[in-house]
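Enquirer: I'd like to ask some things about the structure below.
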Amino acid sequence: MIDVSFFLALAMFAFVTSVTPGPNNIMLLASGAQFGFRRTLPHMLGIVLGVASLLLSTLMGLGALFTWYPPLYSVLKWVGCAYLLWLAWKIGSAPVGNLETTVSSSPMNWWQALLFQYVNPKAWMMAIGCVSSFAIAGDLYVQSGFWMIVLFAAMGFPAISIWAWAGVSIRRWLTDQKRQRIFNFCMGVATASTLLLIIGN
1 MIDVSFFLAL
11 AMFAFVTSVT
21 PGPNNIMLLA
31 SGAQFGFRRT
41 LPHMLGIVLG
51 VASLLLSTLM
61 GLGALFTWYP
71 PLYSVLKWVG
81 CAYLLWLAWK
91 IGSAPVGNLE
101 TTVSSSPMNW
111 WQALLFQYVN
121 PKAWMMAIGC
131 VSSFAIAGDL
141 YVQSGFWMIV
151 LFAAMGFPAI
161 SIWAWAGVSI
171 RRWLTDQKRQ
181 RIFNFCMGVA
191 TASTLLLIIG
201 N
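In terms of UniProt numbering, the sequence shown has 108 at position 108, counting the first letter as 1, and numbering is strictly consecutive.
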């Protein structure tokens, strides 16, 4: 039977790895500021579902492919980097104007956010690190894997919500187009800067 210490340690791991800066959270900050919390919810849901599917894939052995064939991780890393640069450009060049009426751009939807996790090296590191640290071999493997997915969803959603709410708070400051352009540029640079964390691993 799984003891309480397993749940406490797993919950802490899930929250800390979810709340720390990375591509997902920087994009949620920008989305909260540009679109508000409600319109950012599908993006957040996609992240939660994407991480859950990565954990399931890793539990089923997909993560072992990186150990068996290391160049595959390098391919994933560079594809993720290229996509992040494209997202950084999209964020940095986002249209400015009345935030309540601007419709020329839209937030990331849930399935885009879900698929992004598969080219997000930080998400893969979270999934592989979680399974390697918390999976219990033998009869409890399935049960421990189930709780990984549940606790990552339960702790991850509030953790990433902090970034979206921070964006909503910043939204009140974005009252003119100059400030919006500066914010968009800073968020684009911040998104691109996460490449330093990815390339370094």
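Ideal Cβ placement from N, Cα and C applies to all residues, glycine included.
Helix or strand or just coil, what does DSSP make of TRP173?
Expert: Here residue 173 refers to the residue found at position 173 when the sequence shown is read from its first residue. Reduced to three states, the DSSP call for TRP173 is coil.
Enquirer: Using the beta-carbon count (16 or more within 10 Å), is TRP163 buried or exposed?
Expert: Here residue 163 refers to the residue found at position 163 of the sequence shown. Counting Cβ neighbours within 10 Å, TRP163 comes out buried, since at least 16 surround it.
Enquirer: Which residue wins for smallest C-alpha separation from residue 215, given the options VAL4, ALA30, ALA123?
Expert: This structure cannot speak to residue 215, because the chain is shown only from 1 to 201.
Enquirer: Quick check: what's the CA-CA separation for ALA190 versus GLN177?
Expert: Here residue 190 corresponds to residue number 190 of the sequence shown, with the count starting at 1. Here residue 177 corresponds to residue number 177 of the sequence shown, with the count starting at 1. In a straight line, the C-alpha of ALA190 is about 20 Å away from that of GLN177.
Enquirer: What separation, rounded to the nearest whole angstrom, lies between the Cα atoms of residue 218 and THR175?
Expert: The first residue shown for the chain is 1 and the last is 201, placing residue 218 beyond what the model contains.
Enquirer: How far does the alpha helix (DSSP H) with MET125 in it reach, from first residue to last?
Expert: Indexing the sequence shown from 1 puts residue 125 at position 125. Run containing MET125: 121-134, per the alpha helix (DSSP H) assignment.
Enquirer: Going straight from the alpha carbon of MET1 to that of LEU84, what length do you get?
Expert: Here residue 1 refers to the residue found at position 1 of the sequence shown. Here residue 84 refers to the residue found at position 84 of the sequence shown. Those two C-alpha atoms are separated by around 42 Å.
Enquirer: So ALA127 and GLY63 are supposed to be a Cβ contact under 8 Å. How far apart are they, rounded?
Expert: By 1-based counting over the sequence shown, the position of residue 127 is 127. By 1-based counting over the sequence shown, the position of residue 63 is 63. Contact holds; Cβ gap of about 7 Å.
Enquirer: Would you call the CB atoms of THR40 and PRO107 closer than 7 Å?
Expert: Mapped onto the sequence shown, residue 40 falls at position 40. Mapped onto the sequence shown, residue 107 falls at position 107. Yes; because the gap between Cβ atoms is below 7 Å, this pair is in contact.
Enquirer: Can you give me the Cβ contacts of ILE26 inside the same chain, cut-off strictly under 7 Å, excluding the 5 residues immediately before and after it?
Expert: As a working note, residue 26 is residue 26 in the sequence shown. Within the same chain, and ignoring the five residues on either side of ILE26 in sequence, the residues whose Cβ sits closer than 7 Å to its Cβ are MET187, ALA190, THR191, THR194.
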